[in-house]
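K.L.:
Those protein sequences? They're chains A and B, same order as listed.
By this note's numbering, the letter at position 211 of the first sequence is numbered 191, and the numbering carries on one by one without gaps.
By this note's numbering, the letter at position 157 of the second sequence is numbered 191, and the numbering carries on one by one without gaps.
Where is the CB? At the ideal position from N, CA and C, for every residue including glycine.
All of these numbers come straight from a predicted model, not from anything done at the bench.
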Amino acid sequence: MTVNLKTNPASAAHRPEFEIEPTDAITVGDVERPLGFIERVVNNEGAQRLAILLVLIAVWQTYALWLNNSLLFPSFTETVRTFWGDILNGELVNRTVTSLRTLALGYVLGLALAAILTTFAVASTIGTRILSTLTAMFNPLPAIALLPLALIWFGLGTPSMVFVIIHSVLWAVSLNTLSGFRSVPETLRMSGRNVGLKGARYVALILIPAAFPSILSGLKIGWAFAWRTLVAAELVFGVSSRSGGIGWYIFEARNDLDTATVFSGLLTVILIGLFVESVIFRAIEARTVNLWGMQR
Amino acid sequence: MVERGDQAMHPLLEVNGVTLQYKTPRHLVTATYQVDFSVHQGDRYVILGPSGCGKSTLLKSVGGFMPPVEGNIRIRGRDIVAPGPDRMMVFQEFEQLMPWKTVFQNVLFPMSVTRKFSATEARERANAAIDKVKLSEFHNIYPHMLSGGMKMRVAIARAMALEPDILLMDEPFAALDALTRRTMQQELLALWDQLRFTVLFVTHSIEEAIIVGSRILVMSPHPGRVRAELDTGNLGFGNIDQVEFGTMSKRIHGLLFGDELHRAGTLEEVTA
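Next comes the structure, spelled out in structure tokens:
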């Protein structure tokens, strides 16, 4: 009646059991070895980015030389010469500092408002509704479209700029932070509440670090929006103050049909963008979300 | 004998006639219905039952995350109203560790939040707890670099370092592979041998219940009700291959699936 499934004498005879004594792993050879210099350079993100930039510059220079019309398309070397000259005579530096000062003010105020709004939103359901309605209304509204209104309210000058920058930062950051808070795993929330965390301490010690990848991407988007908005706004009315920003520098050069200077202004905008993105934000990422394994 | 009687009069945790209900978007679910049990100091108290018997919900309620609809839960005679560090939870999910903190910082965190110990004492306790779960080498490592078993050890070290009144474990080894689970069960028992803490442990594995538990509460599902309470203090890894272990396992099996076996039995007789 009982059928023994485990041993089948006929097949066991063909396949004897065996055991092997474990040997030392040293005999295996390459278990782990450091990568060579070339291998490391090729895999380095910075090196790869630099290579891409060099290719783009080569394409630019070749096209400009072939076109041979510096009014329409100045070459890379000409642009760099203008750029360097304006840095040395201090004009470009002054313009950039003016822009960045306005930007920093608007960005910080925008972040502060976003912090207040999202804190209110996590604290209560009505707060969440208010924030999601506001972001749905204002996030698609281009900051530049608010500029005429800002001019009426605050007049020509820095306050109007700050107003439109706040608008461009606030909604992007709030939206990302709130969705970050919402996606914090339930287990992590419970283990925070388990030790008795409540209110502001719970938000600061659990929610913010747990939602940090989303918050950081909100900060990045907010920064890009703010920088864009600022340059665009300056193109419209850098007129007011004698010391206009980088947008005004570009606008003036266009009026003089000085295309190389327009290019050098655009180059500055790009370089600052690259610096913030790949130095500042990259450093923050490496010390936080990458270190914590929350993002690759 | 006297001590036993004394303990019986003052259990550490009392669950009296607890009914738990929660709402899904479409239903009101009764998870447990009038459940009674009590856990004494030093118990390894296991709640065992099939899915749907409300055992995890019951544990959450003891943790203070869910107030009972009926009945009450008391720890050391006090009603449980909110989550608190006197009842440290160890969850099944690995996400319970804070990814932005190292192993050491994770273990230290509850102690620095609650300020139950002085800063120096907390650091010493964290180090001792990490040593106990054999993770000294991984002190400054972030959780994402650890294996599942190691993460679970950190969670256990974190809970024990705080010296809670009771340790609540919600299927802590269910997400681990079978071999790691076995190791973790052994390590948990070894820790208990040293420290004699009180643990309330939820599982759906009969074998794990008998190995880990000194007392088993068997629950039946839909809604969760108490089916039996068994003493398994004398059963563990040592007698896994002995008759008593098998008998206990069969007895629990009978309690859990008795009705179905009865029905299946008639079917088997027909086919035989």
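Label A:Lys200 either buried or exposed according to how many other C-beta atoms from any shown protein chain fall within 10 Å of its C-beta, with 16 as the threshold for buried.
P.N.:
Buried, since its Cβ has 16 or more Cβ neighbours within 10 Å.
K.L.:
Short check: CB of B:Thr58 to CB of B:Gly105, under 9 Å?
P.N.:
No.
K.L.:
How long is the line joining the alpha carbons of B:Ser283 and A:Thr3, rounded to whole angstroms?
P.N.:
About 41 Å.
K.L.:
A:Ile132: buried (16+ other C-beta within 10 angstroms of its C-beta) or exposed?
P.N.:
Result: exposed.
K.L.:
Using only the alpha-carbon positions, how far apart do B:Arg74 and A:Leu196 sit?
P.N.:
For the record, residue 74 of chain B in the displayed sequence is His; it is not Arg. Whole-angstrom Cα-Cα distance: 48 Å.
K.L.:
Drop a sphere of 10 angstroms on the beta-carbon of B:Asp77, count the other beta-carbons inside from all chains shown, and report buried for 16 or more, exposed for fewer.
P.N.:
Its Cβ being crowded by 16 or more others within 10 Å, B:Asp77 is buried.
K.L.:
Helix, strand or coil, according to DSSP, for A:Leu168 in the structure here?
P.N.:
Here A:Leu168 sits in helix by DSSP.
K.L.:
When you compare only the Cα positions, how much space is there between A:Ile252 and A:Val164?
P.N.:
Rounded to whole angstroms, A:Ile252 to A:Val164 spans 33 Å at the Cα level.
K.L.:
Residues of the segment 148 to 175 of chain A in Cβ contact with chain B at a cutoff of 8 Å, in chain order, please.
P.N.:
Here the close residues are Pro165, Thr167, Leu168, Met170, Ser171, Arg173, Asn174 and Val175.
K.L.:
Please look up how many angstroms separate the CB atoms of A:Val242 and A:Val211, rounded, as I've assumed it's under 8 Å.
P.N.:
A:Val242 to A:Val211, Cβ: 12 Å. No contact.
K.L.:
For A:Ile106, count neighbouring Cβ atoms within 10 angstroms of its own Cβ and tell me buried if that reaches 16, exposed if not.
P.N.:
Exposed is the call here.
K.L.:
Going by CA-CA distance only, name the one from A:Arg267, A:Phe205, A:Arg61 and A:Ala191 that's closest to A:Leu121.
P.N.:
Among A:Arg267, A:Phe205, A:Arg61 and A:Ala191, the Cα nearest to that of A:Leu121 is on A:Phe205.
K.L.:
For B:Ala262, which of helix, strand or coil comes out of DSSP?
P.N.:
Here B:Ala262 sits in strand by DSSP.
K.L.:
Count the other CB atoms within 10 Å of the CB of A:Gly26; is the residue buried (16 or more) or exposed (fewer)?
P.N.:
Answer is exposed; the Cβ neighbour count stays below 16.
K.L.:
May I ask you to report which of helix, strand or coil DSSP gives B:Ile107?
P.N.:
Three-state result, B:Ile107: strand.
K.L.:
If you follow the alpha helix (DSSP H) that B:Val96 is part of, which residue opens it and which one closes it?
P.N.:
Per DSSP, B:Val96 belongs to the alpha helix (DSSP H) from Lys89 to Gly97.
K.L.:
Should B:Val49 go down as buried or exposed, given a rule of 16 or more other Cβ atoms within 10 Å for buried?
P.N.:
With 16 or more other Cβ atoms within 10 Å, it is buried.
K.L.:
How close, in whole Å, do the beta carbons of B:Thr266 and B:Ile250 come, if the pair is a contact with beta carbons under 8 Å?
P.N.:
B:Thr266 to B:Ile250, Cβ: 6 Å. Contact.
K.L.:
Could you check whether the Cβ of B:Phe71 sits closer than 9 Å to any Cβ belonging to chain A?
P.N.:
Closer than 9 Å: no.
K.L.:
Is B:Met253 buried or exposed, if buried means 16 or more other CB atoms sit within 10 Å of its CB?
P.N.:
With 16 or more other Cβ atoms within 10 Å, it is buried.
K.L.:
For the putative contact between B:Ser85 and B:His287, defined by C-beta atoms under 8 Å, what is the C-beta separation to the nearest angstrom?
P.N.:
So it is not a contact: roughly 16 Å between Cβ atoms.
K.L.:
Hey, quick one: how far does the beta strand (DSSP E) through B:Arg249 stretch, first residue to last?
P.N.:
It spans Arg249 to Ser254 - the beta strand (DSSP E) in which B:Arg249 sits, taken as one unbroken run.
K.L.:
Going along the segment 181 to 206 of chain A in order, which residues come within less than 9 Å of chain B, judged by CB to CB distance?
P.N.:
Residues passing the 9 Å Cβ filter: Arg181, Leu185, Ile186, Pro189, Ala190 and Phe192.
K.L.:
Step through the CB atoms of chain A and report whether any lies within less than 9 Å of the CB of B:Glu171.
P.N.:
By this cut-off, B:Glu171 is not an interface position.
K.L.:
CB-CB under 6 Å to B:Phe207, same chain, minus the five flanking residues each way: which ones, in chain order?
P.N.:
Arg215 and Met218.
K.L.:
Under 8 Å, with one C-beta from each stretch per pair, do the segment 154 to 171 of chain A and the segment 186 to 195 of chain A reach the 3-pair mark?
P.N.:
Yes: the two stretches touch, three or more of their Cβ pairs being nearer than 8 Å.
K.L.:
Cβ of A:Thr268 less than 9 Å from any chain B Cβ?
P.N.:
So, interface residue.
K.L.:
How is the beta strand (DSSP E) around B:Asn50 delimited, first residue to last?
P.N.:
Start and end: Leu47 to Lys57.
K.L.:
When the Cα of A:Ala123 is compared with those of A:Tyr43, A:Ala184, A:Thr209 and A:Val22, which residue comes out closest?
P.N.:
Selected option, being the one with the closest Cα: A:Thr209.
K.L.:
Against B:His178, what residues of chain A qualify as contacts under a CB-to-CB distance less than 9 Å, listed in chain order?
P.N.:
Those are Trp272, Gly273 and Met274, listed as they occur along chain A.
K.L.:
By how many angstroms is the C-alpha of B:His44 removed from the C-alpha of B:Ala160?
P.N.:
Roughly 31 Å between the two C-alpha positions.
K.L.:
What is the DSSP secondary structure of A:Ser50, reduced to helix, strand or coil?
P.N.:
Note: A:Ser50 maps to coil in three-state DSSP.
K.L.:
Hey, out of A:Arg81, A:Thr98, A:Phe56 and A:Ser258, whose CA is closest to A:Val153's CA?
P.N.:
Checked all of A:Arg81, A:Thr98, A:Phe56 and A:Ser258; the closest Cα to A:Val153 is A:Thr98.
K.L.:
Candidates A:Asn174, A:Ala233 and A:Phe143: which alpha carbon is nearest A:Leu215's?
P.N.:
Here the closest residue by C-alpha is A:Ala233.
K.L.:
Along the beta strand (DSSP E) that carries A:Ile264, what are the first and last residues, could you check?
P.N.:
Here A:Ile264 belongs to no beta strand (DSSP E); instead the alpha helix (DSSP H) covers Arg262 to Arg267.
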